[in-house]
Each structure stands twice: as structure tokens, then as C-alpha cells.
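Q:
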Amino acid sequence: HGLVDLYQRGRLEEALRRAAAVVKARPTMRTGYDFLAFLQAQAGDDGAAIATLRDADRRGLIDDPLLARWGLLCAESGRGAEALRVLAPLSGSRDPDALNAIGIALATAGRAKEAIAKFEEAAAADPRSGQAWQNIGITRLQAGDTGAALDAFARALSVNDRLPRAWNAQGVALMRSGR
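Numbering-wise, my numbering comes out as the position in the sequence shown, counting from 1, plus 509.
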């Protein structure tokens, strides 16, 4: 609870030091790696977060949510091929977070059509989440299909109007379309 409290009070550096100490003192505790990787990513050090999750994997501590986070961190760091390798064990998952992570990795690897298919699976798995539609919109926008991107953003925001990336990308799409 102390780590969460430090993080919530904006004391990220201290929380990072303590989380690293927890992992060192209790190297078989999955939660320690989970929180340390989260804090490292929050501090903008995706490379350290990826290394932490690799270490957890070497120790046999990776579960599906951590695997999805690891793959997503790789994808967001431009490491599409590594992300797809990391996420391969989740390829048959019906979990929307895993499906979105795989879709993002596919999009990062330049495989937009496959990415959109994964995002559509994620949307079907959790119709109350706008994240999959947001990701479809972003992928379509990157592929130059502004009209389809706008449709996807409208759908995402109709489900959840608190998606800042969808609002931002929708603005880019509107600007590109001349509206």
C-alpha cells in the first residue's frame, strides 16, 4: 500500500526506488514486477519496464495481463516484431486487452488489415469499451482512410466520451478532411 500511496501523492521517484527494492528482496513476487514495470512506464522509461517484464518472464512469473502489457510496451516503443513474438501466446485469447495489444502490435508492424480484424474482435468481446473503435480509427487514419477513421472515432466516442486519444485523432482526421 505504501507504493500506491507514494505514486498517488506524486512521489514517483521514491515509489520507483521502493518498488525496485521490493523486487530485489522478493524476486518471486509477481506483483512487485507488475508495479515496478507500471511505475517505470509512468516515468517514461519503457525500456526499463520492458526489461523488468523480461526478468519476470525469465523467472516464470508472467501471466496474461503482464504479457499483454509487455507486448503493448514493445509495440508503443516501435518494436512491432518483438511485440508480436511476446504476444504470440495470447493469439487465441478472447480478452479485449490482449486483443487490443495484439492489434496495436500488428499496426506497428505495418499489418493494418490484420490489426483492424483484431480490434474488431476486441470490440465484439467488449461492446461497452470504446478503446477498440479508437484503435480502428487510429489505424485507418494512419492508412489514409479518413472517412472510415471518422466513423470509427464517432463509434468509440459514442461508447466512451472520455478517450483523449480518440478525441485528438478525430481532430486530426477532421483537419485532414477539411471539415
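Using N, Cα and C, we set each Cβ at its ideal position, and we do this for glycine too.
So the candidates are G646, G541, R535, P536; which of them puts its Cα closest to the Cα of V513?
A: G541
Q: Taking the alpha carbon of L593 as the reference point, which residue from K627, A652, V681, L525 has its own alpha carbon closest?
A: Nearest of K627, A652, V681, L525 to L593, Cα basis: K627.
Q: Is the Cβ-Cβ distance between A577 and D554 less than 9 Å?
A: no
Q: Helix, strand or coil for D543? Go by DSSP, reduced to three states.
A: helix
Q: Less than 6 Å between C-beta atoms, sequence neighbours within five positions excluded: which residues of the same chain meet that for L666?
A: So the qualifying residues of the chain are A675.
Q: Where does R638 sit, in a helix, a strand or coil, going by DSSP?
A: Note that residue 638 is Ser in the sequence shown here, rather than Arg. S638 falls in the coil class under three-state DSSP.
Q: Exposed or buried, what is N609 when buried is set at 16 or more other beta-carbons lying within 10 Å of its beta-carbon?
A: buried
Q: Tell me the rounded alpha-carbon separation between V662 and N669.
A: It is worth fixing the name first, because residue 662 is Phe in this sequence and not Val. Distance between the alpha carbons of F662 and N669: 10 Å.
Q: Assuming P605 is part of the alpha helix (DSSP H), what are its boundary residues?
A: 605-617
Q: Suppose the cutoff is 8 Å on Cβ atoms and the five residues either side in sequence are ignored; what does the same chain contact list for Q640 look like?
A: P605, N609, A631, A665, N669, L672
Q: Given a cut-off of 9 Å on the beta-carbon distance, is the pair L545 and V532 in contact?
A: yes
Q: Ignore the nearest five residues each way along the sequence and tell me which others in T617's own chain have a CB closer than 6 Å to its CB.
A: A584, G589
Q: Can you grab the Cα-Cα spacing for the pair L621 / G569, in whole Å?
A: Inspection of the sequence shows that residue 621 is occupied by Ala rather than by Leu. Their backbone Cα atoms lie some 32 Å apart in a straight line.
Q: Looking at R539 and L575, is the spacing between their C-beta atoms short of 9 Å?
A: yes
Q: Between the Cα of L581 and those of D564, G556, G601, spot the shortest distance and give me the residue it belongs to.
A: G556
Q: CA-CA distance, M684 and N677?
A: A straight line joining the alpha-carbon of M684 with that of N677 spans about 11 Å.
Q: Using a 10 Å radius around the Cβ and a threshold of 16 neighbouring Cβ atoms, would you call A530 buried or exposed?
A: exposed
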